[in-house]
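In full-length UniProt numbering, the protein residues as written are 1 to 272. Note that the Cβ used here is the ideal one computed from N, Cα and C, for glycine as well. No experiment lies behind these values; they were computed from the predicted model shown.
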C-alpha cells in the first residue's frame, strides 16, 4: 500500500508542476483555493475549539490591564510586554504559565507568526532552565497539534503552497528511511527547512509520528536554549536577526552534523 500511496502522491505533485509551467497554470493556482468546503469547515471547527479553550483560560485568569497586552511583533513590543507582565507573573505564577502555554500552543498549531518572541519572553521572565523547559514543551505540543491538523486537511494546502519543496522533502525522506530519526533531528536543529514546513509536510510524506515527536522534542533544545538565553539580555537585542549570527548558525550546523554522522558512516561502510 505504501508504494501505491507514494505513486499517487508523485502523480499529484507532477500534475501541479505541469500546471506551474504555463502562465495560465500559475494564474489558476493563485486563483484556486485548495481546500474543499468540508476541509474548510473542519479547519474552522478546529480553530473555533482551540479559540474557545483559549478564551476560557483567559476568562478564569485574575484581572489584568488587558489593554497593555498584545502579541509582540518587535523587540520594542517585547520589552514593553515584559515590563507589564513581570509583576503579574510573580503574583499569579500558575495562572500566568497556563495562559502562556495556551497562547504558545495556539500560535504554533495555527502557524501564527511570533513564537520566537514568546521564547524570548520565557527567558526574560523565567530564566534559562524553566524557560527552555517551557519553550520545548510548548513548541513540541504545538508542532504535534499542527502535525495532526495537517494529517487531516494539510495535503491540498501544502501541495498548493510548496509543490517543489514538498517533492524534494518526499525524495529525501524516501532515501533516509533507515536512519530517519537522525535526518529529522538534523532538520530540527539546523535552519535547513522552516519548522512550519516540517510540521505540515511530515504527515504528508509518511514520517511516523513517533519519529516526528522525538526529533521535535530533542531537536528543538539547542535553538530554544539560544533564544531563551538571549531573553535574559533582552535590553541588548536590537532585532531578531541578532539571535542567529554566523557563530550561532555554525554551532547549530555542527550539532546537526553530529546528529547525521551515524548515517554518513553507515553509507561509507556500505560503499566500501
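### Simplified DSSP assignment, three categories, for residue 30
The residue labelled residue 30 in the question sits at position 30 within the chain shown. Low confidence applies here, because residue 30 scores a pLDDT of 44, under 50, leaving its location unreliable; read the following figure in that light. Helix at residue 30.
### Query
Roughly how many angstroms separate the alpha carbons of residue 99 and residue 145, rounded to a whole number?
Residue mapping note: residue 99 aligns to position 99 of the chain shown, counting from 1. Residue mapping note: residue 145 aligns to position 145 of the chain shown, counting from 1. Spanning the alpha carbons of residue 99 and residue 145 requires a straight line of approximately 17 Å.
### Message
Among the candidates 225, 198, 105 and 111, whose CA atom is the shortest distance from the CA of residue 128?
### Response
Within the chain shown, numbered from 1, the residue matching residue 128 stands at position 128. Nearest option by C-alpha distance: 225.
### Query
When burial is assigned at 16 or more other CB atoms within 10 Å of the CB, is residue 259 buried or exposed?
For the purposes of this step, residue 259 is taken as residue 259 along the chain shown, with counting starting at 1. Result: buried.
### residue 245 in three-state terms, based on DSSP
Taking the first residue of the chain shown as position 1, residue 245 is located at position 245. Correct three-state label for residue 245: coil.
### Task
Report the option in 63, 162 and 85 whose CA atom is closest to the CA atom of residue 71.
Start at 1 with the first residue of the chain shown, and residue 71 comes out as number 71. When only C-alpha atoms are compared, the closest one is 85.
### Query
On the premise that residue 153 lies in contact with residue 201, defined as a C-beta separation below 8 Å, what is that separation, rounded to the nearest angstrom?
On the chain shown, residue 201 is found 201 positions in, with the first residue counted as 1. On the chain shown, residue 153 is found 153 positions in, with the first residue counted as 1. 14 Å between Cβ atoms; not a contact.
### Message
Assuming residue 222 and residue 150 are in contact, meaning their beta carbons sit under 8 Å apart, how far apart are those beta carbons, in whole angstroms?
### Response
Against the chain shown, residue 222 aligns to sequence position 222. Against the chain shown, residue 150 aligns to sequence position 150. The Cβ separation is near 24 Å, so there is no contact.
### Task
Give me the Cα-Cα distance between residue 38 and residue 44, rounded to the nearest whole angstrom.
By 1-based counting over the chain shown, the position of residue 38 is 38. By 1-based counting over the chain shown, the position of residue 44 is 44. Their Cα atoms are separated by approximately 10 Å.
### Query
Can you tell which of 232, 196 and 122 has the C-alpha that lies nearest to the C-alpha of residue 93?
Taking the first residue of the chain shown as position 1, residue 93 is located at position 93. Of the candidates 232, 196 and 122, the one whose C-alpha sits nearest the C-alpha of residue 93 is 122.
### Query
Do you know how far the Cα of residue 36 is from the Cα of residue 89?
Taking the first residue of the chain shown as position 1, residue 89 is located at position 89. Taking the first residue of the chain shown as position 1, residue 36 is located at position 36. So the alpha carbons of these two residues sit roughly 43 Å apart.
### Message
Could you tell me the alpha carbon to alpha carbon distance between residue 250 and residue 219, rounded to whole angstroms?
### Response
Against the chain shown, residue 250 aligns to sequence position 250. Against the chain shown, residue 219 aligns to sequence position 219. Cα-Cα distance, rounded: 16 Å.
#### Entry: Three-way DSSP call (helix, strand, coil) for residue 227 in this model
For the purposes of this step, residue 227 is taken as residue 227 along the chain shown, with counting starting at 1. Reduced to three states, the DSSP call for residue 227 is helix.
### Message
Tell me the rounded alpha-carbon separation between residue 198 and residue 79.
### Response
In the chain shown, the residue the question calls residue 198 occupies position 198. In the chain shown, the residue the question calls residue 79 occupies position 79. Residue 198 and residue 79: Cα-Cα distance of roughly 30 Å.
### Query
Taking the runs of the beta strand (DSSP E) that are 3 residues or longer, which of them lie wholly in the UniProt domain "VTT" (112-231)?
The qualifying runs do not exist here; there are none.
### Task
Helix, strand or coil for residue 21, going by three-state DSSP, please let me know.
On the chain shown, residue 21 is found 21 positions in, with the first residue counted as 1. Because the pLDDT at residue 21 is just 46, under 50, the model does not fix this residue reliably, and the point stays unresolved.
### Query
What did DSSP end up calling residue 110 once you bin it into helix, strand or coil?
Walking along the chain shown from the start, residue 110 turns up at place 110. In the structure shown, residue 110 sits in coil (DSSP, three-state: anything other than H, G, I, E or B).
#### Entry: Buried/exposed call for residue 167, threshold 16 Cβ in 10 Å
For the purposes of this step, residue 167 is taken as residue 167 along the chain shown, with counting starting at 1. The residue in question, residue 167, is buried, as its Cβ has 16 or more Cβ neighbours within 10 Å.
### Query
Applying the criterion that 16 or more other CB atoms from any shown protein chain within 10 Å of the CB defines a buried residue, is residue 184 buried or exposed?
Counted from its first residue, the chain shown places residue 184 at position 184. Counting Cβ neighbours within 10 Å, residue 184 comes out buried, since at least 16 surround it.
### Task
Check whether the segment 241-255 touches the segment 174-184, taking contact to mean three or more Cβ pairs, one atom from each stretch, closer than 8 Å.
With a cut-off of 8 Å on Cβ pairs, the segment 241-255 is not in contact with the segment 174-184, counting fewer than three such pairs.
### Query
Is residue 52 buried or exposed, if buried means 16 or more other CB atoms sit within 10 Å of its CB?
Position 52 of the chain shown, counted from the first residue, corresponds to residue 52. By the C-beta density criterion, residue 52 is exposed, having fewer than 16 other C-beta atoms within 10 angstroms.
### Query
Run through DSSP, which three-state label would residue 73 get?
As a first step, residue 73 must be located in the chain shown, where it is residue number 73. Here residue 73 sits in coil by DSSP.
### Query
Among 58, 111, 120 and 102, which one has its Cα closest to the Cα of residue 81?
Reading the chain shown from its first residue, position 81 is the one you call residue 81. Nearest of 58, 111, 120 and 102 to residue 81, Cα basis: 120.
### Query
In the structure shown, what three-state DSSP assignment does residue 62 receive?
Residue 62 sits at position 62 when you count from the first residue of the chain shown. Three-state result, residue 62: coil.
### Query
Which residues in the same chain have their Cβ closer than 6 Å to the Cβ of residue 60, if we skip the five residues on either side of it in sequence?
On the chain shown, position 60 is the one that residue 60 refers to. None.
#### Entry: Cβ-based burial, residue 261 [other Cβ within 10 Å; buried from 16]
The count along the chain shown starts at 1 and reaches residue 261 at position 261. Exposed, since its Cβ has fewer than 16 Cβ neighbours within 10 Å.
### Query
Candidates 227, 229, 236 and 195: which alpha carbon is nearest residue 216's?
By one-based count along the chain shown, residue 216 stands at place 216. Of 227, 229, 236 and 195, the residue nearest in Cα terms is 195.
### Query
Relative to the C-alpha of residue 235, which residue among 76, 107, 186 and 137 is closest?
Position 235 of the chain shown, counted from the first residue, corresponds to residue 235. Residue 76 is the option with its Cα nearest to residue 235.
### Message
Less than 9 Å between the beta carbons of residue 139 and residue 104, yes or no?
### Response
Numbered from its first residue, the chain shown carries residue 139 at position 139. Numbered from its first residue, the chain shown carries residue 104 at position 104. Yes, these two residues count as a Cβ contact at 9 Å.
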